[in-house]
Structure formats: structure tokens, C-alpha cells
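Peer 1: The sequence shown begins at 19 in our numbering and counts up by one. Dropping a structure here in C-alpha cells format, bear with me for questions.
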Amino acid sequence: MNVAAARSPFAAVMISPMTSIAQFFRAPLQGKLSVSRVFVVYGIVGSLLYGCLEFMIDPFNLFLMRVYTIGGILYSAYVIVGTYRCAVNCKTPRMARFVRVSCVISLLLLPVITYMEWNGAVDSELLQLEQLNF
Numbered sequence: 019m020n021v022a023a024a025r026s027p028f029a030a031v032m033i034s035p036m037t038s039i040a041q042f043f044r045a046p047l048q049g050k051l052s053v054s055r056v057f058v059v060y061g062i063v064g065s066l067l068y069g070c071l072e073f074m075i076d077p078f079n080l081f082l083m084r085v086y087t088i089g090g091i092l093y094s095a096y097v098i099v100g101t102y103r104c105a106v107n108c109k110t111p112r113m114a115r116f117v118r119v120s121c122v123i124s125l126l127l128l129p130v131i132t133y134m135e136w137n138g139a140v141d142s143e144l145l146q147l148e149q150l151n152f
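What follows is the structure, given as C-alpha cells:
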């Protein structure tokens, strides 16, 4: 492709949809986005979309619930790593350090929370709160 074609307004149309989807998922891992965009688009909106999948899963099917949980862990790790890599784009070094430390803590707590979820520790705590009428 020549330089004139690359600068044309229709250059985005020439890119295949799979390439743009791949770029969409690769951008946070390459550190090309702002932390706020990663947090809002991938963290909040992506998690809400992933959470909608749970409505299609039978809660009594333990295998599907485990697969759903593992997918959630992987997606959470993806968002945390993407946020860590995009910390370079923070305006101040102090904010970048805060974002990175938060990401490391979150990544370390992810397996702990998953273990508690799988062993029913989270459910039993919620049950106790429910019994106290909270």
C-alpha cells in the first residue's frame, strides 16, 4: 500500500474487522491507552458485559460455574496487567507508581479471593450478614 492510500480517510475501512478487534484487545497490553480508558472501557464496561454471561448459566451446573469463574479470573488478570502497562501514560510519576502498586496488590489478591470463592467462604460470610438483616 502506498503512502497516499495509508493517509486516506478510507484507510480504516481497508483494515479487516478481525485486525481491529485484535488491536482492541492488544492495545492495553501494549500500553497504548490511558489508564482511565482501560479502567472504564475494559474494567467497568467489560466486566459488566462478562457479568451478563452469568444470566445464561444454570447456577446448579457446577462445571459451567467453574468455567465462568476461571474466565472471570483470566479477564480480571488481563485488565490488571493492561492497567499496569498503561501506567506509563499517567501525567505524574507519582500517579504511575500508585497505579502500578495497586495493580500488583490486586494481582496478588486475585488467587486468594478466587480460593475463597471456590471454598464457599464468601457465601458463608454473606449468609451471616443476611441473618443479621443487613
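All C-beta atoms, glycine included, are put in the ideal place defined by N, C-alpha and C.
1. Would you check if there are 3 or more beta carbon pairs closer than 8 Å linking the stretch 45–59 to the stretch 93–101?
2. Let me know the secondary structure DSSP gives CYS121 once reduced to three states.
3. Does DSSP classify THR110 as helix, strand or coil?
4. Can you tell me whether PRO46 is helix, strand or coil according to DSSP?
5. How big is the Cα-Cα spacing for TYR96 and GLN41?
6. Which residue from ILE62, TYR86, VAL63 puts its Cα closest to that of ASP76?
7. Suppose contacts are defined by Cβ-Cβ distances below 8 Å. Is ILE91 in contact with LEU127 by that definition?
8. Would you tell me roughly how many angstroms separate the C-alpha atoms of GLU72 and ILE88, rounded to the nearest one?
9. What residue range is occupied by the uninterrupted alpha helix (DSSP H) comprising SER94?
10. Which word fits GLY61, buried or exposed, when buried means at least 16 other C-beta atoms lie within 10 angstroms of its C-beta?
11. Applying the criterion that 16 or more other CB atoms from any shown protein chain within 10 Å of the CB defines a buried residue, is PRO46 buried or exposed?
12. For LYS109, which option in SER52, LEU125, ARG44, ALA139 has the closest C-alpha, if you only look at C-alpha atoms?
13. Let me make sure I understand the geometry here. Which of PRO111, TYR93, MET83 has the alpha-carbon closest to that of TYR68?
14. On the three-state DSSP scale, how would you describe GLY5?
Peer 2: With the given structure in hand:
1. Yes, the stretch 45–59 touches the stretch 93–101.
2. Residue mapping note: residue 121 aligns to position 103 of the sequence shown, counting from 1. DSSP places CYS121 in helix when its eight states are reduced to three.
3. Numbered from 1 along the sequence shown, position 92 holds the residue referred to as residue 110. Look at THR110 here: in three-state DSSP terms it is coil, with no helix or strand label.
4. For the purposes of this step, residue 46 is identified with residue 28 of the sequence shown, where counting begins at 1. Residue state, collapsed to three classes: coil.
5. Your numbering for residue 96 matches position 78 in the sequence shown. Your numbering for residue 41 matches position 23 in the sequence shown. Each residue's alpha carbon lies about 14 Å from the other.
6. As a first step, residue 76 is located in the sequence shown; it is residue number 58 there, counting from the start. Closest in C-alpha terms to ASP76, from the list ILE62, TYR86, VAL63, comes TYR86.
7. Position 73 of the sequence shown, counting from 1, holds the residue named residue 91. Position 109 of the sequence shown, counting from 1, holds the residue named residue 127. No. Outside cutoff.
8. Here the question's residue 72 lines up with position 54 in the sequence shown. Here the question's residue 88 lines up with position 70 in the sequence shown. Approximately 13 Å, taken between the alpha carbons.
9. Start at 1 with the first residue of the sequence shown, and residue 94 comes out as number 76. Note, SER94: alpha helix (DSSP H), 80–104.
10. Sequence index remark: in the sequence shown, residue 61 carries index 43 (1-based). So GLY61 ends up on the buried side.
11. Taking the sequence shown and counting its residues from 1, the one referred to as residue 46 is at position 28. The residue is buried, with at least 16 neighbouring Cβ atoms inside 10 Å.
12. Counting from 1 along the sequence shown, the entry for residue 109 is found at position 91. It is SER52 whose Cα lies nearest to the Cα of LYS109.
13. Residue 68 sits at position 50 when you count from the first residue of the sequence shown. If we check each option's Cα against that of TYR68, TYR93 comes out closest.
14. The chain is shown only over 19 to 152; residue 5 falls outside these bounds and no answer can be derived.
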